[in-house]
Every structure is written in structure tokens, then in C-alpha cells.
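Each number in this note's numbering comes from the position in the sequence shown (counting from 1) with 10 added on. Reviewing the structure listed below.
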Amino acid sequence: MVCSKKGLLVASVAAGLSMLSSVHAQGTSGVYLVEYAQGQLSPSVLSSLKVIGRNGNNYIAQGHLSAQQVAGLEQTAGVVLEQDYGLSLSNNSLDYLRNSSQSLETLNNSELEPYWLRATGINNLPVALNEIPVCIIDSGVDSEHPDLPNNINGYHSVYSGFWNQDALSHGTHMAGIIAAQGNGIGVKGALSEGVARLQVHKLIRTAHGKNSSITGGSLIEAIEVCANAGAKVINMSLSGDQYSPMTMSVIDRLTYDRGVIFVAAAGNHGSQIKKWSGVHDDTLHYPASYHNVLSVGALDTNGAVASFSPANQEIDLVAPGSKIISTANRSHYAVQRVTIQQGAMAEESLTYTQIDLGVHSQSMQAALPQQCVYTLSTADAQQQITTHALSYDTRVALNNAENSCKSAGGEVMIVNYPHSTVGLVRGLDHYTEFPTLLVHQMPNVSDFSNVTIKLDSYHSNYVVGAGTSQATAIISGGIARLWSQNPQWSRTQIINAIKETSYDLGTTGQDNVYGHGLPNFAKALEYLHAGKTPACPQDWYQNKPYSGGEQVTYNGIIYTAHYWNKNLSPAESPAMWQAEGECDTSNSSHSTPTDGGYSILDFSGLEEEEVSYSCKGLSLMCSGGR
Numbered sequence: 011m012v013c014s015k016k017g018l019l020v021a022s023v024a025a026g027l028s029m030l031s032s033v034h035a036q037g038t039s040g041v042y043l044v045e046y047a048q049g050q051l052s053p054s055v056l057s058s059l060k061v062i063g064r065n066g067n068n069y070i071a072q073g074h075l076s077a078q079q080v081a082g083l084e085q086t087a088g089v090v091l092e093q094d095y096g097l098s099l100s101n102n103s104l105d106y107l108r109n110s111s112q113s114l115e116t117l118n119n120s121e122l123e124p125y126w127l128r129a130t131g132i133n134n135l136p137v138a139l140n141e142i143p144v145c146i147i148d149s150g151v152d153s154e155h156p157d158l159p160n161n162i163n164g165y166h167s168v169y170s171g172f173w174n175q176d177a178l179s180h181g182t183h184m185a186g187i188i189a190a191q192g193n194g195i196g197v198k199g200a201l202s203e204g205v206a207r208l209q210v211h212k213l214i215r216t217a218h219g220k221n222s223s224i225t226g227g228s229l230i231e232a233i234e235v236c237a238n239a240g241a242k243v244i245n246m247s248l249s250g251d252q253y254s255p256m257t258m259s260v261i262d263r264l265t266y267d268r269g270v271i272f273v274a275a276a277g278n279h280g281s282q283i284k285k286w287s288g289v290h291d292d293t294l295h296y297p298a299s300y301h302n303v304l305s306v307g308a309l310d311t312n313g314a315v316a317s318f319s320p321a322n323q324e325i326d327l328v329a330p331g332s333k334i335i336s337t338a339n340r341s342h343y344a345v346q347r348v349t350i351q352q353g354a355m356a357e358e359s360l361t362y363t364q365i366d367l368g369v370h371s372q373s374m375q376a377a378l379p380q381q382c383v384y385t386l387s388t389a390d391a392q393q394q395i396t397t398h399a400l401s402y403d404t405r406v407a408l409n410n411a412e413n414s415c416k417s418a419g420g421e422v423m424i425v426n427y428p429h430s431t432v433g434l435v436r437g438l439d440h441y442t443e444f445p446t447l448l449v450h451q452m453p454n455v456s457d458f459s460n461v462t463i464k465l466d467s468y469h470s471n472y473v474v475g476a477g478t479s480q481a482t483a484i485i486s487g488g489i490a491r492l493w494s495q496n497p498q499w500s501r502t503q504i505i506n507a508i509k510e511t512s513y514d515l516g517t518t519g520q521d522n523v524y525g526h527g528l529p530n531f532a533k534a535l536e537y538l539h540a541g542k543t544p545a546c547p548q549d550w551y552q553n554k555p556y557s558g559g560e561q562v563t564y565n566g567i568i569y570t571a572h573y574w575n576k577n578l579s580p581a582e583s584p585a586m587w588q589a590e591g592e593c594d595t596s597n598s599s600h601s602t603p604t605d606g607g608y609s610i611l612d613f614s615g616l617e618e619e620e621v622s623y624s625c626k627g628l629s630l631m632c633s634g635g636r
């Protein structure tokens, strides 16, 4: 591993500490993460917190704190405060697809072996022999999908609801990539044959409605629940740009105490222009860029880095991330286009955000009674923008308006707001299963007696995805199938084997665009069976405990530990470490593209066909140039 991921990601830590200092200086109320030891906090503060994780003997908790509580905790020795942060599920990573000659509906009666199984060598691995539980931290999973395995379990939460109800198909898409079964229909996943066990931790209830945000505290809690349920691989197809020492400490502890392999999306914020210019310094996204997480970038169908895939020093691996066909939530309808017509006037397209779950948002053409249009006040809209919440009175008013709409025979609810004075409202703190749209610029309507609204929706058992989310799930599934051949292999052995046998794309050796390259899981299995070890031990890492006799690489030098130690660098602690000589990187065993890979791929009709992506299914913001 390159030196940029050694230690505590110094640059990122500095940025994180700078951010924390500014938060503390403000002493503002809000949702915080608090790390503390038993007996350090008063009962009044403890009553505001919920324990979500551990860091050694310390507790990590999440809760809403007053400005006075924050100020008091800042003065308490040994207590660490961190303002809670947000993440997203790699926006726009699902595209609802209508093919010109072949429909995804054919997958209801036939089965596709996706191209990425061949590109990664997963198809050449033996069937999954032993159970390696994979935890999917995402939007939920349609657990009854006929193409998914029976062995799926999950975790319910008050915030996000039932794990087997997918808020927007993203989690179901990841589940299919990892474990869609070889059963004659749909697609094959990495664990299509043999043993497959999935765990699901749902983080959001809706796409743009109530409880649609992902917080760092929720991620920490999900990681802890996954590990305690026995997960050996944790898939996190989500990302955010805020560094969190507490999240990293939880990941580090579970890496070394439980041997968990964490895999995360590098993000979809890459720039093709920067890549063409040779500038590879895209913003680090987390959790992918933490030391003990595999950061995964994406390739297009030609085997080149995808335009949206970021390039930075923390990219570990790349995998196919374009035209990835997988399972979808069968109850989910993505609204693709909305038009309104007043009498004999021409139709007008509306710019909108879909708020409801999409469960009942089938294509429709219906009258729009005046009772079905609700206008937020300027204060409501401003509050939604700044705090992502609405007042209790406003939420009651929305429920009443919905009931009035139904009584008037309406089939869809429109919520609008004074766009010109407050800016863009991106979501709504409102939960409903009635078709509800947040319209960003409602046309003037003088007479609702002759107004018609038309919704075009798309619905399928399968959807096409593009993003580092999909690439991440491919890596997670490949790791689980590889590891299933011998569960006694350690986390380190598995990761070393994958990196040592990857197709070395881009410049020679690890680089900021492709990392170690495209994994060849079949070659990684050969490497493990041969009992090979890397030419150089892993880089020393500050937050990892080392046993006597264990070796590391530090600044190009191999060191052997004399005794158990942690946080003692080899160069500065000669009593704990013995220098053995320079690290030899001359006999790297990386595969090269001449071994095969994309050069020999033949795509199925569904995958090679030029397609039109008409709706961004993840964001549910379609039409009107949004």
C-alpha cells in the first residue's frame, strides 16, 4: 500500500481537525458524535445520547446537544466531539432504461451472465463453498425478489423502517450484483452458485421525503450491527467528503479484532477533463479513503476508467461500473416525465422531484383538482433548505391537504413553493405513499376545473446501473466467493492476493486512476493456493496493534516487531522494532492486460446495445432539465 494511506491519512486528518476546531469554536447546538469513557458524562447529557459504537474501552454515541451541553463537553478532558456528517448513495447511479430493440422484460424468462463476471475472472472461480456473510449498508432490499437468495436477513430501525422495503432500488441493485442466483431467469451475481448469505442494514426511508438523509452516526451504528451479526465483508456503496476520526476508529477496530474486509465506493465526482489533462487529484471521499477500506473506482465497457470515476491517491482497485444490469425493487415506480394541460392549451412539462416511495406512481392521466395543489410558505421552504425539516404544523397541513385531494378524486399531490425567493428545495420532510411531487416552478392556473396532469413512469424487475456503487458491489461479491474457498485465509491474505494479481492498468504499478488495477479473482485463488507472500510486507499503520515477530514496511525499510506494540513508529522506537533492510519491489506478480480481460469480452445484446437513459432512478429527479 502506498505511503499516502499510511499512518492516519495526515492530510485528511489535518482537514478533519480543522473542521472540528471550527465546529467547537462555534459551540452551536446540533447533532453530534461523542466519544467518552464511562463516568465522564453527566446523566443529563447521557439522556440526550444513543450509544452506536465503541473505540477500545470508550463509547461512541450520537445525539442532539444544546449549545450549553456542547460548550460543557468541550471543556471535559478526554471527551471527543465531532459534528455528525452526511453521506449519499452515489447520486444518479441507477438509470431506468428503455431499449430500442430488446427489453429488460426478457430477463423475466431468460438469464444473462453479465460481462463483468468474465472481466474479473469471477466466472472462473469454483462455486462458493463456505458461507462468507456479506453485509449491504444501503437503502434496503426487496428480499422477496425471485432472483435473490433465500438467505437474506436484515436490521430494522425506527429511522429508516423495514430493511426489506427498498426506498429506491439502490440496495436491491447491489444485492443482485453480489448474489443474484443462477436460476434460469434474470442475471447472475458473483455468488450465483453455492452458498450465499446476505445481511442488510437500511439507512434511509425515502429518496427525497422524510428520513432520506444518511448520517455518519447511522453509518457507525450500521457497521457495528453488521460486524456483530457475523459479516466478513461489508459493502458500502455510499460516500461523502467529510473525514470522521470516530468512523475510522470503528473501522480500524473491527478490521483488526474481527478481520472484516470493508469495501466502499470512491464516489462519482470524477472529471474526464482533468483525467485528459493528467490531473489526478479529485477530492477524497469517505469511508472509501480510510486506511482499512478498499476504495473502488469504475471502468467503462471498454476497460478504460469511467468519466465519473474519481482519481486520487487512495484508489485501491477498479471494476466495471457501466451498463451493469441487476435486480430492482419490483414495487418501485420511477416517475420519468410530468406534464400539465389547461383546457385546450398545449401541455407544459414540469420540473419536479419525486417525494413518495413510488409504490403507487404508475403512469397515469387524471384531473388535477385544486385541493391537490399545496403551496409551502416562504418560511416553510427556507426552513426545509436550511434544516431539512418542516414544522409540525406544516406536516399536519400536508397530511390534511392529501386527505382533501383524495376526497376530491385526485390521484397525485403537487407541492410547490416560491422558487424565485428562496432558491431550490431538494426534498421534503414529509412521508407518504400517495403519489406526491415537489414541483419547482408551478405554472399559473386560473381555473382548475379543466386541468389535467400526466405522469409517465417506469417499472421493471431489473434496471441498468452505472457508478462506483456498482463497481464496489462487484468487488465485494468477488471477495466473498474467493474467501469461501477457504475461510481460514486471513483478511490480509485475501487482500494481498487480489492486489498482487490484478491487471495492472494505466501506468506501471499502483496509480491514482486505477489503483492496483482490475482484480482477476481466479488468479488470486491460484496465488493463495500457491502460498505466495508479497515481496514487501504491508505498510506500518499507526492504529494497528502488532505482535512480536510481525513485519511491516516503513519508508521503504522492512522492520520486525520485538514485542507487542501500537502507535509506535518503527523509525522512532528501536526498542520495539528491528530494521531488516530495504523492501524489494522488483518481483511484482501483477497480471497485465495481455492475460485477457476486456480484450476478449463479448457483450450480450442487452449490454452492448446503445441505449437511452431517460430517468435517473436513484435521485428520482427526472425531466425538466433537472
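Idealized CB from N, CA, C, for every residue including glycine.
Straight-line Cα distance separating residue j from residue i
| i | j | result |
| --- | --- | --- |
| residue 536 | residue 489 | 14 Å |
| residue 205 | residue 359 | 49 Å |
| residue 291 | residue 324 | 10 Å |
| residue 308 | residue 52 | 48 Å |
| residue 379 | residue 336 | 39 Å |
| residue 194 | residue 525 | 36 Å |
| residue 514 | residue 196 | 32 Å |
| residue 60 | residue 233 | 15 Å |
| residue 372 | residue 345 | 8 Å |
| residue 573 | residue 134 | 42 Å |
| residue 385 | residue 159 | 45 Å |
| residue 225 | residue 201 | 30 Å |
| residue 9 | residue 62 | Because the chain in this structure spans residues 11 to 636, residue 9 falls outside the shown range and cannot be described. |
| residue 175 | residue 469 | 16 Å |
| residue 261 | residue 364 | 35 Å |
| residue 570 | residue 499 | 22 Å |
| residue 163 | residue 121 | 25 Å |
| residue 527 | residue 517 | 10 Å |
| residue 190 | residue 545 | 37 Å |
| residue 401 | residue 138 | 51 Å |
| residue 240 | residue 208 | 11 Å |
| residue 301 | residue 593 | 21 Å |
| residue 125 | residue 184 | 16 Å |
| residue 561 | residue 552 | 14 Å |
| residue 33 | residue 79 | Unreliable positioning characterises residue 33 in this predicted model, as indicated by a pLDDT of 37, which lies under 50. A coordinate reading is not provided. |
| residue 110 | residue 540 | At residue 110, the pLDDT of 34 sits below 50, so the modelled position is not reliable; the number obtained from the coordinates is stated separately. The alpha-carbon atoms of residue 110 and residue 540 are separated by roughly 48 Å. |
Residue i classed as buried or exposed, judged by whether at least 16 other C-beta atoms fall within 10 angstroms
| i | result |
| --- | --- |
| residue 69 | buried |
| residue 31 | For residue 31, the pLDDT reaches just 34, beneath the cut-off of 50, and the residue's location in the model is therefore unreliable, leaving the point undetermined. |
| residue 497 | exposed |
| residue 557 | exposed |
| residue 286 | exposed |
| residue 421 | buried |
| residue 283 | exposed |
| residue 366 | buried |
| residue 478 | buried |
| residue 263 | buried |
| residue 509 | buried |
Closer than 8 Å to chain D by CB, residue i
| i | result |
| --- | --- |
| residue 309 | Any reference to chain D falls outside this structure, which holds one protein chain only. |
Chain-order list of residues whose beta-carbon lies under 6 Å from that of residue i (same chain, five-residue window excluded)
| i | result |
| --- | --- |
| residue 39 | 76, 77 |
| residue 429 | 450, 451 |
| residue 375 | 464 |
| residue 83 | 89, 91 |
| residue 117 | 196, 472 |
| residue 578 | 586 |
| residue 141 | 205, 207 |
Other residues of its chain near residue i: CB distance less than 8 Å, five sequence neighbours each side excluded
| i | result |
| --- | --- |
| residue 398 | 223, 437, 439 |
| residue 215 | 169, 170, 171, 177, 221, 222, 441 |
| residue 65 | 45, 256, 259, 260, 263 |
Contacting residues, own chain, Cβ-Cβ under 7 Å from residue i (five flanking each side not counted)
| i | result |
| --- | --- |
| residue 467 | 343, 344, 345, 346, 371, 372, 373 |
| residue 235 | 165, 211 |
| residue 266 | 554, 555 |
Near the ligand MG: residue i beta-carbon under 7 Å from a heavy atom
| i | result |
| --- | --- |
| residue 395 | Judged by which ligands are present, the structure shown has none, so any question about the ligand MG falls away. |
Whole alpha helix (DSSP H) runs in the segment 459-540 with 4 or more residues, listed along the chain?
478-493, 501-510, 531-539
Hey, which unbroken runs of the beta strand (DSSP E) at 3 residues or more fall wholly within the segment 28-104?
40-46, 59-65, 68-75, 90-93
Taking 8 Å as the cut-off, does the segment 144-154 touch the segment 438-449 (at least 3 CB pairs, one atom from each stretch)?
no
Is there contact between the segment 350-359 and the segment 503-514, where contact requires at least three CB pairs shorter than 8 Å?
no
Can you find at least 3 beta carbon pairs, one from the segment 243-257 and one from the segment 293-311, that sit closer than 8 Å?
yes
Scan the segment 107-148 and note each continuous alpha helix (DSSP H) run of 4 residues or more that stays entirely inside, going in chain order.
125-129
Start-end ranges of the alpha helix (DSSP H) lying completely within the segment 244-326, minimum 4 residues:
255-268, 282-286
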